[in-house]
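Colleague: End of the sequence shown sits at 503 in the working numbering; the numbers just go up one at a time, nothing left out.
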Amino acid sequence: MSMTAEELAVLVTSLEALGWQREEERIVAPHGTIWLHYKDMPSFGTGHQLRETMCGRLERIRLNREIASEGEQEDWQRSFDDTVGLIQCLDRVFGGPVSSAGR
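1. Grab me the residues of S500's own chain with a C-beta within less than 7 Å of its C-beta, minus the 5 sequence neighbours each way, in chain order.
2. If distances are taken between C-alpha atoms only, which option among L418, E470 and R422 comes closest to I487?
3. Which word fits L490, buried or exposed, when buried means at least 16 other C-beta atoms lie within 10 angstroms of its C-beta?
4. Looking only at its own chain, which residues have a Cβ that is under 6 Å from the Cβ of F480, when we skip the five neighbours before and after it?
5. Closest to D440 by CA distance: which of E425, S469 and H431 is it?
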């Protein structure tokens with residue numbers, strides 16, 4: 401099962417309200433560390449499955465904080481912020497634990 405066209409439209413609109421930008425056939429996070437292609441959205445499965453994937457990404461980002469050099473900390477923070485923002489948006493659109501994503 402994958403997101404319906406209606407669910408995708410709500411997600412994209414919600415992401416735009418959070419500062420994401422449409423660029424051709426994709427939507428790009430505020431810091432540019434994540435982009436989602438519209439035509440690939442069905443391959444992400446449901447909103448809940450996309451959230452699970454992004455939670456895995458967030459865990460990897462957290463683990464990499466310790467090995468990021470001082471000069472990489474700003475990039476690390478951008479990636480962290482974009483990922484948390486996407487997870488929280490997915491929680492609002494599809495239902496989920498909004499408060500736990502940033503912890």
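Cβ coordinates follow ideal geometry from the N, Cα and C atoms, glycine included.
Modeller: This is what the structure gives:
1. To locate residue 500, count along the sequence shown from 1; it is residue 100. In this prediction, S500 scores a pLDDT of 46, lower than 50, which makes its location untrustworthy; the coordinate-derived value is nonetheless stated afterwards. Short of 7 Å from the beta carbon of S500, and not among the five residues preceding or following it, lies no beta carbon of its own chain.
2. Along the sequence shown, read from residue 1 onward, the residue named residue 487 stands at position 87. When only C-alpha atoms are compared, the closest one is L418.
3. Position 90 of the sequence shown, counted from the first residue, corresponds to residue 490. With 16 or more other CB atoms across the displayed protein chains lying within 10 angstroms of its CB, L490 is buried.
4. Indexing the sequence shown from 1 puts residue 480 at position 80. Cβ neighbours of F480 within its own chain (closer than 6 Å, five residues either side excluded): I461.
5. Indexing the sequence shown from 1 puts residue 440 at position 40. Here the closest residue by C-alpha is E425.
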